[in-house]
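What the sequence shown shows, in mature numbering (1 follows the signal peptide of the UniProt record, and there is no 0), is residues -20 to -1, 1 to 400, in sequence order.
Cβ atoms here follow ideal geometry from the backbone N, Cα and C, with glycine treated the same way.
In this text, all values refer to a predicted model and were calculated from it rather than measured experimentally.
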Amino acid sequence: MKKLVLIILLFGFLPGLLFAQQASENEVLVRKVADQIIRETILGFQSEDNKTLYKTSAEIPQNVKVHYASKYAGWHYTNGVLNLAMLDLGEYLKEKKYTDYAINHVAFGFANYKTFEQRFKHDVPHYTYPFGEFFTMQELDDFGAMGASVAEVYALDKQPEFENYVLKAAKHLTEERSRLTDGTFVRAFPYKMTLWADDLYMSVPFLVETAKLTGAQKYFDDAAKQIINFNKYLWDSEKEIYWHAYFSDLKRNGVAHWGRCNGWVMLAQVRLLDALPENHPQRKKLIELLERQILGIAKYQNADGLWYQVLDKNDSYPESSCTAMFVYGIAKAINKGWIDKRYVSIAVSGWEGLKKKEINEKGQLKDICVGTSIQNDLTYYYNRPVGLNEKHGTGPLLDAGVEILKLEKSGLYNYKYSTE
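Okay, here's the thing in structure tokens:
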């Protein structure tokens, strides 16, 4: 009997022992990060006095105001970024719980948005209540990244309402959004027809997913045009990084080379190149633009492998979300063969810097700049607060982790370039 119990115990522990032997230090860390996000995610609503939790919107009394039960429950562009990262992680590790994270989040939105649409539409600003972004689609970041994640979830779970949402958003994007005369996306604030670097990510991944869903080449063409045009308006050829803004009325850029907006530009480029047909006429130029950005931002990496909140201002703080974005973009470009593998050390140094300086023992990411608008003074960018596992950084960190694991698997993580 004792021998039988011992055998059972050994078999019970064996999968864990095998995982511990096979998983690298980086894989263990990436899993820890993802599992911590899952633990912090509560899909539900909390009353404003935080005394009552409602699992569904149908449970909320008519006169009770609520907020999301956790920062990861919302319909915000950062939730779309995280969903896409979880889907990529689940696919790479063959781990259903990560894929299910995105599927469950999207399903939660579709199950609950109608309550808020009925109660609040047109009464108060859309960003002041849950799921306001879902049905108003006032700005690109209300639907772009989330729409991209809905499209990827639809590929796994063919719910007609998911497809309808993507097609509705695509129609809105292509027929109703504000653009410059050359077709470049702009916003209405802080001044009319203002170009934000962030919006390259808020538009391009969605265009990519819509192209994949519909098979229509025009979405790939529009995405390529956005990247080329954004470069025309935002690239600083002297410093070889991007400005945060372009004011079309003044025909000049803003004041800041903000770290995360440069990260959004890089993420948009790799998302497009990953899906763009090999024979697309703009593919070669797009790879050249990506390589140009990679070599440009490499000049601003500090001794710890991190990048700064304002890239060219080393008296601003090291910021972890843009660092994760650059690690992801560079590692992805190397894994795909878009740039030479000798540049892998830029990504590896960035990842090692995040591990040593920015990820705590729970797998939470520190020093993530909170949401940031466009301002006309550098002081604003210098003084933006940071958060722990703030939602703007967790998706990019997982993105980076997946590509780092691919570098490990290919043997490039420890690649040393030599002329000998």
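*Please go through the same chain and pick out, in chain order, the residues whose beta-carbon is closer than 8 Å to the beta-carbon of residue 358, but skip the five residues on each side of it.*
As a first step, residue 358 must be located in the sequence shown, where it is residue number 378. Within the same chain, residue 358 has close Cβ partners 235, 236, 290, 293.
*Which one of 333, 120, 383 has the shortest CA to CA distance from residue 167?*
Residue mapping note: residue 167 aligns to position 187 of the sequence shown, counting from 1. The option with the nearest alpha carbon to residue 167 is 120.
*Quick one, are the C-beta atoms of residue 23 and residue 114 less than 8 Å apart?*
Translated into positions along the sequence shown, residue 23 becomes position 43. Translated into positions along the sequence shown, residue 114 becomes position 134. No, they are not a contact pair.
*Which two residues bound the contiguous beta strand (DSSP E) that contains residue 27?*
Stepping through the sequence shown from its first residue, residue 27 is reached at position 47. Taken as a continuous stretch (DSSP letters only), the beta strand (DSSP E) holding residue 27 covers 25 to 27.
_Pairwise C-alpha distance: residue 380 and residue 388_ = The residue labelled residue 388 in the question sits at position 408 within the sequence shown. The residue labelled residue 380 in the question sits at position 400 within the sequence shown. Between residue 388 and residue 380, the C-alpha separation is close to 12 Å.
*Starting from residue 61, trace the alpha helix (DSSP H) both ways and give me its first and last residue.*
Locating residue 61 in the sequence shown gives position 81, counting from the first residue. Here the alpha helix (DSSP H) through residue 61 covers 57 to 73.
*Cβ contact check for the segment 206 to 222 and the segment 150 to 159: 3 or more pairs under 8 Å*: no
*asked:* Would you say residue 271 lies against chain D (beta-carbon separation less than 8 Å)?
replied: Protein chain content of the structure displayed is limited to a single chain, and chain D is not contained in it.
*asked:* Quick check on the burial criterion: 16 or more other C-beta atoms within 10 angstroms. Buried or exposed for residue 390?
replied: Counting from one through the sequence shown, the residue named residue 390 turns up at place 410. Result: exposed.
*In the structure shown, what three-state DSSP assignment does residue 299 receive?*
On the sequence shown, position 319 is the one that residue 299 refers to. Correct three-state label for residue 299: strand.
_Output needed for residue 177: all residues of its chain with C-beta closer than 8 Å, excluding positions within five of it in sequence on either side, in chain order._
Sequence index remark: in the sequence shown, residue 177 carries index 197 (1-based). Correct list, in chain order: 210, 214, 222, 223, 224, 225, 238, 241, 242, 244, 245.
*For the alpha helix (DSSP H) holding residue 154, just list the boundary residues, first then last.*
For the purposes of this step, residue 154 is taken as residue 174 along the sequence shown, with counting starting at 1. It spans 140 to 155 - the alpha helix (DSSP H) in which residue 154 sits, taken as one unbroken run.
_6 Å CB neighbourhood of residue 124 in its chain, flanking five on each side removed_ = Translated into the one-based positions of the sequence shown, residue 124 becomes position 144. Only 182, 183, 186 meet the Cβ criterion.
*Enumerate in chain order the residues of its own chain whose CB-to-CB distance from residue 67 is below 7 Å, with the five nearest sequence positions on each side excluded.*
Your numbering for residue 67 matches position 87 in the sequence shown. Counting only Cβ-Cβ distances below 7 Å, and skipping sequence neighbours, we find 79, 82, 132.
*What whole-angstrom Cβ distance do residue 296 and residue 288 have, given they're in contact under 8 Å?*
Taking the first residue of the sequence shown as position 1, residue 296 is located at position 316. Taking the first residue of the sequence shown as position 1, residue 288 is located at position 308. Correct: roughly 5 Å between the Cβ atoms.
_Status (buried if at least 16 other CB within 10 Å, exposed otherwise) for residue 317_ = If you number the sequence shown from 1, residue 317 lands on position 337. With fewer than 16 Cβ atoms within 10 Å of its Cβ, residue 317 is classed as exposed.
*Would you mind sorting residue 129 into buried or exposed? The rule is 16 or more other CB atoms within 10 Å of its CB.*
In the sequence shown, the residue the question calls residue 129 occupies position 149. Buried is the call here.
*So the alpha helix (DSSP H) residue 47 belongs to, where does it begin and stop?*
By one-based count along the sequence shown, residue 47 stands at place 67. Segment 46 to 48 is the beta strand (DSSP E) holding residue 47; no alpha helix (DSSP H) there.
*Among residues of its own chain, excluding the 5 on either side of residue 271, which ones have a beta-carbon nearer than 8 Å to its beta-carbon?*
To locate residue 271, count along the sequence shown from 1; it is residue 291. Hits under 8 Å: 313, 318, 319.
*Near residue 96, which residues of its chain fall below 6 Å by C-beta distance, leaving aside the five closest residues on each side in sequence?*
The residue you call residue 96 lines up with position 116 of the sequence shown. Hits under 6 Å: 109, 110, 111.
*Which one or two residues does DSSP pair with residue 348 in a beta bridge?*
Stepping through the sequence shown from its first residue, residue 348 is reached at position 368. In DSSP, residue 348 forms a bridge with 367.
*With DSSP collapsed to three states, give me the class of residue 223.*
Start at 1 with the first residue of the sequence shown, and residue 223 comes out as number 243. It is coil, neither helix nor strand.
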